[in-house]
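A.B. asks:
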Amino acid sequence: MPASWTDVRSWILERNPDLTDLDQETDIIETRIINSLQFVELVLYVEELRGTMLQSNEVDLDAFRTLKGIEKNFLHV
17 MPASWTDVRS WILERNPDLT DLDQETDIIE TRIINSLQFV ELVLYVEELR
67 GTMLQSNEVD LDAFRTLKGI EKNFLHV
């Protein structure tokens with residue numbers, strides 16, 4: 017089964033025990049759900065999910081702002 021935004025949501029929820037749910041439209045950068053150190057881990061996790069490395073020009077902060085955006089930009093390759 018292909019990876020989706022729900023896989024990324026589960027990953028984020030595991031790292032944020034105070035967070036009980038996460039909508040696919042929530043800006044995870046603006047709300048500081050993902051901090052700068054976690055962002056690097058998130059990029060690596062997305063690479064793992066899609067099975068290929070991201071090119072440096074693909075790692076744009078705006079592409080990672082929401083779960084829906086992550087799925088659109090990286091998981092439907």
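Numbering (this note's numbering), first residue to last: 17 to 93. The beta carbon of each residue, even a glycine, is placed where N, CA and C say it ideally should be.
#1: What distance in whole Å lies between the Cβ atoms of residue 35 and residue 44, which are believed to be in contact at a cut-off of 8 Å?
#2: Following a CB-centred definition, is residue 38 positioned closer than 7 Å to any heavy atom of the ligand ADP?
#3: Using the three-state DSSP reduction, which class does residue 47 fall into: helix, strand or coil?
#4: Go through its chain and collect everything with a Cβ distance to residue 63's Cβ below 7 Å, but skip five positions before and after it.
#5: Rounded C-beta distance between residue 25 and residue 77? I'm assuming under 8 Å.
#6: Mind checking which residues open and close the alpha helix (DSSP H) that includes residue 23?
C.D. replies: The answer reads as follows:
#1: Numbered from 1 along the sequence shown, position 28 holds the residue referred to as residue 44. Numbered from 1 along the sequence shown, position 19 holds the residue referred to as residue 35. Residue 44 to residue 35, Cβ: 10 Å. No contact.
#2: With respect to the ligand ADP, the structure offers nothing, as it holds no ligand at all.
#3: Position 31 of the sequence shown, counted from the first residue, corresponds to residue 47. Here residue 47 sits in coil by DSSP.
#4: Numbered from its first residue, the sequence shown carries residue 63 at position 47. For residue 63, where only same-chain residues beyond five positions count, the Cβ hits under 7 Å are 69 and 70.
#5: Counted from its first residue, the sequence shown places residue 25 at position 9. Counted from its first residue, the sequence shown places residue 77 at position 61. Not a contact, Cβ separation roughly 19 Å.
#6: Counting from 1 along the sequence shown, the entry for residue 23 is found at position 7. Residue 23 -> alpha helix (DSSP H) spans 21-31.
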